[in-house]
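Heads up, the sequence shown is in full-length UniProt numbering, so the first residue is 39 and it goes up one at a time.
Built from N, CA and C at the ideal position, the CB exists for glycine as well.
The structure displayed is predicted, hence computed values, not measured ones.
Let me begin by presenting the structure, written as structure tokens, before commenting on it.
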Amino acid sequence: KTGLFTYDTGYLSTASCKSKITFIDGDKGELLYRGYPIEQLADHCNFLEVAYLLKNGELPNQQQKGKFEMTIKQHTMVHEQLVKFFQGFRRDAHPMAVMVGVVGALSAFYHDAMNFYDAEHRNISFNRIVAKMPTIVAMAYKYSMGEPFMYPRNDLDYTANFMHMMFGTPCEQYKPNPVLVRALDIIFTLHADHEQNASTSTVRLAGSSGANPFACISAGIACLWGPAHGGANEACLNMLEQIGDVSRVDEFIKRAKDKNDSFKLMGFGHRVYKNFDPRAKLMRKVCGDVLTELGLENDRLFKLALTLEKIALEDEYFIEKKLYPNVDFYSGIVQKALGIPTSMFTCIFALARTVGWMAQWEEMLIDPEYKIGRPRQLYIGAARRNVAPIDQR
Ligand code: SDX
Numbered sequence: 039k040t041g042l043f044t045y046d047t048g049y050l051s052t053a054s055c056k057s058k059i060t061f062i063d064g065d066k067g068e069l070l071y072r073g074y075p076i077e078q079l080a081d082h083c084n085f086l087e088v089a090y091l092l093k094n095g096e097l098p099n100q101q102q103k104g105k106f107e108m109t110i111k112q113h114t115m116v117h118e119q120l121v122k123f124f125q126g127f128r129r130d131a132h133p134m135a136v137m138v139g140v141v142g143a144l145s146a147f148y149h150d151a152m153n154f155y156d157a158e159h160r161n162i163s164f165n166r167i168v169a170k171m172p173t174i175v176a177m178a179y180k181y182s183m184g185e186p187f188m189y190p191r192n193d194l195d196y197t198a199n200f201m202h203m204m205f206g207t208p209c210e211q212y213k214p215n216p217v218l219v220r221a222l223d224i225i226f227t228l229h230a231d232h233e234q235n236a237s238t239s240t241v242r243l244a245g246s247s248g249a250n251p252f253a254c255i256s257a258g259i260a261c262l263w264g265p266a267h268g269g270a271n272e273a274c275l276n277m278l279e280q281i282g283d284v285s286r287v288d289e290f291i292k293r294a295k296d297k298n299d300s301f302k303l304m305g306f307g308h309r310v311y312k313n314f315d316p317r318a319k320l321m322r323k324v325c326g327d328v329l330t331e332l333g334l335e336n337d338r339l340f341k342l343a344l345t346l347e348k349i350a351l352e353d354e355y356f357i358e359k360k361l362y363p364n365v366d367f368y369s370g371i372v373q374k375a376l377g378i379p380t381s382m383f384t385c386i387f388a389l390a391r392t393v394g395w396m397a398q399w400e401e402m403l404i405d406p407e408y409k410i411g412r413p414r415q416l417y418i419g420a421a422r423r424n425v426a427p428i429d430q431r
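Have a look at this one:
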């Protein structure tokens, strides 16, 4: 059995799986990780506590948290030969292309002699990839900049270490700003999981064949890259730059409503949320905090985004279609303020979503009812017919 089939308005709609990990109520704008509201997790926990929660189903106590953080620190370095994979790419390669290649290549380094039906081997894989993603993302950035790779530092926590590997250089000790580190840590939490979105379903489907988790995560990264999915934060910032000034907002709102115009308001709308995406509200607050910390309260793009959001939310088209800002609407602005280039936004998304992908992969793998995925189709092609000789075609 691959899930529950329900018939609705003549179409076959399917629930692809049962899961205990994340719950979304699109009408109420509610998001729960293992039953905890995203707002409370963002307020009271750090990203590694959330990673532990998504995988194990419970938040760690102090002793479990300390042990998990120490375990992650022991896996942050990558095999030295993996460095050579980066050198095969042009410097101007999109970092997501690099991520797909390098993360997939981890399969060649870490999956041999692993029995993923053994819980301990799954734990090792989870720890390895959660620990190595920040290192690999930072390496993709450094490679694109022509700067030397930075080794992880075990005296820093997970997110501060990532910022050190991104922005540090061998010339001076990187001093992380705790306000900015906390902001990025919350951004990771907001992106950690989101039930059966396109990339998570990709990871589950790939994993259902027994493929190793690194290859499955690479497939998830490839899917996330699309502008309708994880690539929307990059597309949203490019859109704000294209709009340029509040005086042009009405012109673009008009285009977004025009069925003959392919333009869509990036960072707006969602397949599930027909109310506010709770992550967008939290992201807007993080964005404001970061801009204030950096003395950029009057940031042009932030002001433009606030105006665009206000106008769109009062527009009858957006109200009727129930289109609200989603997680991607403010994330580009805050990441740009943190010094992260536009091309890296979706890599940051992938870094954070890796914990959700791995938790969902494991849940699929150990579910006794889950067999190899086999999505159904409604065949609407040609009826049976015979091949004519070529001189009669
Ligand atoms: C993510 O699934 C997940 O959980 C994904 C994600 C996650 O955490 O994994 O939440 C991350 O992918 C967020 C979404 C990021 N994408 C964008 O911001 C790109 C812009 N958004 C649109 O492409 C769109 O809203 C989608 C793809 C997100 C959803 O598309 P749907 O499923 O078609 O949305 P819908 O059915 O609710 O649309 C209703 C109507 C449609 O028009 P009609 O066919 O009814 O005439 O609204 C229109 C849509 O064309 N519409 C938009 C619009 N989004 C939907 N019109 C203008 N601008 C938009 N942004």
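Counterpart residues of residue i in DSSP-defined beta bridges
| i | result |
| --- | --- |
| D231 | D231 pairs with nothing; no bridge assigned. |
| T207 | E210 |
| T60 | Y71 |
| residue 19 | Residue 19 is absent from the model: the chain starts at 39 and stops at 431. |
Residue i CB to nearest heavy atom of the ligand SDX below 7 angstroms
| i | result |
| --- | --- |
| residue 448 | Residue 448 is absent from the structure shown; the chain starts at 39 and stops at 431. |
| L70 | no |
| G370 | no |
| N165 | no |
| R309 | yes |
| N235 | yes |
| A294 | yes |
| K302 | yes |
| L86 | no |
| A257 | no |
| residue 448 | Nothing can be reported for residue 448: it is not among the residues displayed for the chain, which extend from 39 to 431. |
| A266 | yes |
| K359 | yes |
| A397 | no |
| A318 | no |
| A270 | yes |
| H232 | yes |
Terminal residues of the alpha helix (DSSP H) in which residue i lies
| i | result |
| --- | --- |
| W395 | 383-404 |
| E96 | Here E96 belongs to no alpha helix (DSSP H), and DSSP marks it neither H nor E. |
| V121 | 121-125 |
| C254 | 251-262 |
| K348 | 338-351 |
| L79 | 76-82 |
| residue 19 | Absent from the model: residue 19. The displayed extent of the chain is 39 to 431, so no value can be given. |
| G104 | 100-111 |
| Y355 | 354-358 |
| T238 | 236-245 |
heavy atom of the ligand SAH below 7 angstroms from residue i C-beta
| i | result |
| --- | --- |
| T173 | The model depicted lacks the ligand SAH and carries the ligand SDX instead. |
C-beta neighbour in chain B for residue i, strict 8 angstroms
| i | result |
| --- | --- |
| G206 | Of the chains in the structure shown, none is chain B; there is only one protein chain. |
Problem set entry | Runs of alpha helix (DSSP H) lying entirely within the segment 266-336, each at least 4 residues, in chain order | As far as the segment 266-336 is concerned, its whole alpha helix (DSSP H) runs of at least 4 residues are 270-281, 287-295, 316-331.
Problem set entry | Runs of alpha helix (DSSP H) lying entirely within the segment 175-206, each at least 4 residues, in chain order | 196-205
For this session: Kindly provide the ranges of any alpha helix (DSSP H) runs that are 4 or more residues long and lie completely inside the segment 143-174, ordered along the chain.
Result: 145-148
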